[in-house]
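One structure below.
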Amino acid sequence: MAGAKETPRQRMIGMMYLVLTALLALQVSNQILQKFVLLNDGLERTSKNFISKNEFTVSSIAATVEQQGNNEKDLPKVAAAREVRTLTAEVFSYLEELKQELIEVSNAKNENGQFKNSSLKNVEVPGNIFNNQGKGEEMKVRLNNYPQQINKILQDLGIDASFGDIAKDAKDIEIFKNDREVKDKSFVFLNFVKSPVGAVMALISQYQNEVLNIESEALSNITSAIGTFYFKSDVFEAKVAANSNVVAAGTKFEGTMFIASSSSSATPKMTVGGRDVPVVNGFGEISFTVPPASQYDDRGLARQTLKGEITVNIAGKDSTLKVDYEYFVAQPIIKVTSDVVNQLYADCANDLSIDVPALGNAYAPDFTVTNGTAIKGSKPGQVTIIPGNSGKVVIGVSSGGNKIGNVDYEIKPVPAPSIRLFDSRGEIDMSVAYPAPGPSTLLVRAVPEPTFARTMAKDSNFEVSGGDVTLLRNEVPREKVAISGENVAIRNLLASARSGDALVIRVTEVTRTNFRGNKIKSNQNEIRIIRIK
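Residue numbering for the sequence shown follows our numbering, starting at 21 and increasing by one per position.
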């Protein structure tokens with residue numbers, strides 16, 4: 021309906037008008053004038069497209085009425101459409117003549133048809149033509165009469181129309197009405213006095229586009245009014261066809277609401293829960309995100325009712341058909357799979373796969389973590405959880421911005437590794453005495469607990485980083501060397517070793533390298549004894 025909310029095109033045109041009128045008050049450079057030429061060129065191309073579209077619409081209106089039998093109630097709409105086109109062409113041509121006069125008087129083009137910067141900057145010619153000769157005030161009257169004429173044509177057809185003025189004084193323009201220096205300027209002084217030729221040229225092209233836009237909106241209203249006085253079908257029943265009547269919370273309810281035996285000439289209005297439903301070819305397309313239910317039955321389902329209305333003109337009277345459609349919301353179940361699903365290890369990268377099977381392809385997960393952090397994987401549902409040092413970690417699961425639920429786990433401390441000794445041949449058997457003079461190579465290793473090593477390979481890298489090895493004779497310490505890594509230099513100890521001596525290996529510190537490469541030290545107190553034959 022004309023005069024209702026502005027379309028994006030109308031808002032764009034209004035914004036361009038404001039920019040143009042604002043720039044007219046500035047001292048502009050050659051570069052800006054060149055931009056006006058480019059802007060004018062674009063506006064003129066838009067005008068040509070507008071004219072082609074509007075001419076086609078007039079022809080389409082006539083053809084549609086003819087196809088529907090030239091009903092006497094629709095024939096005036098054909099005449100009205102043609103009258104709108106004629107009025108528009110007259111105003112457009114009038115503006116085009118003014119623009120060409122401006123170009124010729126200012127000598128704005130050279131012999132090759134190219135615009136000259138020196139002429140485009142001329143601010144005297146526009147003032148003379150539009151102010152001194154009175155053509156600006158004449159333009160204002162023509163521009164503002166046009167929407168009034170269009171309003172009358174539409175109102176005579178019973179179509180509500182309220183197209184407003186095109187040519188405005190500064191006080192009637194939002195960005196100027198509070199500007200002390202500009203607000204008292206008339207339409208003529210605001211747009212033409214002391215304004216360069218290039219800018220005025222683009223401004224006139226903009227007014228042409230505004231006229232064509234009003235024509236387009238008027239023709240659209242006439243098109244919508246064709247055939248609204250009858251409905252060909254004689255059986256009416258409101259229906260909803262849904263893709264499924266069981267919908268998981270967090271997914272979209274999708275279906276079609278329609279009038280059985282619908283007519284292609286009807287334009288029904290449809291709503292669901294008070295919200296408008298887009299109507300395509302007489303059928304309403306329903307799509308909304310289903311929120312979680314407050315209560316589910318023992319099957320995990322919650323009964324819901326979709327309430328809708330279809331309003332359509334039947335035999336010249338608007339009739340409203342109500343529809344109630346029952347569907348069920350399925351409770352989404354969070355499924356977690358992982359090698360460490362029962363407990364999560366503290367300060368480690370615990371890889372999880374969190375899925376909500378009921379959501380299917382609509383599953384678009386996001387995760388929040390209390391007492392920890394999350395790193396999303398490359399596939400939906402893949403996430404790495406890094407818990408804090410102790411307590412419980414809570415993982416919030418959402419999909420498409422809708423909260424599904426929480427899963428929580430106890431935080432398990434990293435199991436301490438076991439200390440094992442190796443020589444050049446392999447692991448040393450601690451149950452028997454070592455042949456004299458003792459191992460020439462001694463490796464002290466921190467071996468992770470098997471389950472932790474299997475499930476947390478990126479976090480199970482341990483090494484011995486503190487301790488000592490003491491040569492013991494008759495239970496009396498003799499010499500000692502420090503342990504600072506896996507490979508321990510014990511050659512000096514063995515040089516003075518005798519049969520029956522013992523090597524006492526004491527580990528006091530172990531360092532774990534986690535998935536980030538951080539070194540985490542922990543105290544260890546383990547003793548191993550190698551007895552020499």
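Idealized CB from N, CA, C, for every residue including glycine.
The three-state secondary structure of V489, taken from DSSP, is strand. Q544 counts as buried, since at least 16 other C-beta atoms from the protein chains shown sit within 10 angstroms of its C-beta.
Beta-carbon to beta-carbon, L379 and T309 are separated by about 11 Å, too far to satisfy the 8 Å threshold. Residue pairing for S236: DSSP places it in no beta bridge. Around S67, the same chain offers F112, S225, Q228, N229 and L232 as residues with beta carbons nearer than 8 Å, after the five sequence neighbours per side are excluded. Looking only at P497, L463, T471 and S485, the smallest Cα-Cα distance to V508 is reached by L463.
Between T533 and S485 a beta carbon distance of about 11 Å is seen, past the 8 Å cut, so the two are scored as non-contacting. Within the DSSP secondary-structure output, R465 pairs in a beta bridge with R440. Secondary structure at Q315: coil, using DSSP grouped into helix, strand and coil. In terms of Cα proximity to I353, the closest of D359, I173 and G320 is G320. In the three-state reduction of the DSSP assignment, S225 falls in the helix class, which pools H, G and I.
Distance between E201 and L58, taken at the CA atoms: about 29 Å. Taking the CA atoms as reference points, S418 sits about 18 Å from N391.
Note that the C-beta distance between P407 and D367 is below 8 Å.
If you look at I123, you'll find it in the alpha helix (DSSP H) that goes L95 to V125.
Rounded to the nearest whole angstrom, the C-alpha separation of G294 and E329 is 8 Å.
Under a 10 Å Cβ-count criterion, N74 is classified as buried, with 16 or more other Cβ atoms of the shown protein chains found around its own Cβ. Short of 8 Å from the beta carbon of Q363, and not among the five residues preceding or following it, lie these beta carbons of its own chain, in chain order: Y429, E430, I431 and K432. Comparing C-alpha distances from K136 to each of Q87, Y454, P216 and S206 shows the shortest one belongs to P216. Every unbroken stretch of the alpha helix (DSSP H) spanning 4 or more residues and falling wholly within the region 194-221 is given here in chain order: 207-211. No Cβ-Cβ contact shorter than 8 Å links F387 with G420.
Runs of beta strand (DSSP E) with 3 or more residues, each lying fully within the region 394-457, are found at 402-407, 412-419, 422-432 and 438-443, listed in chain order.
C-alpha of D94 to C-alpha of N152: approximately 47 Å in a straight line. Excluding sequence positions up to five before and after F196, its CB lies within less than 7 Å of the CB of A190, V202 and K203, all in the same chain and listed in chain order.
The residues V260 and L326, in chain order, have a CB closer than 6 Å to that of Y345 in the same chain once the five nearest residues on each side in sequence are set aside. Contact annotation: L239 and V78 have beta-carbon atoms nearer than 8 Å. For T84, the secondary structure class from DSSP, reduced to helix, strand or coil, is helix.
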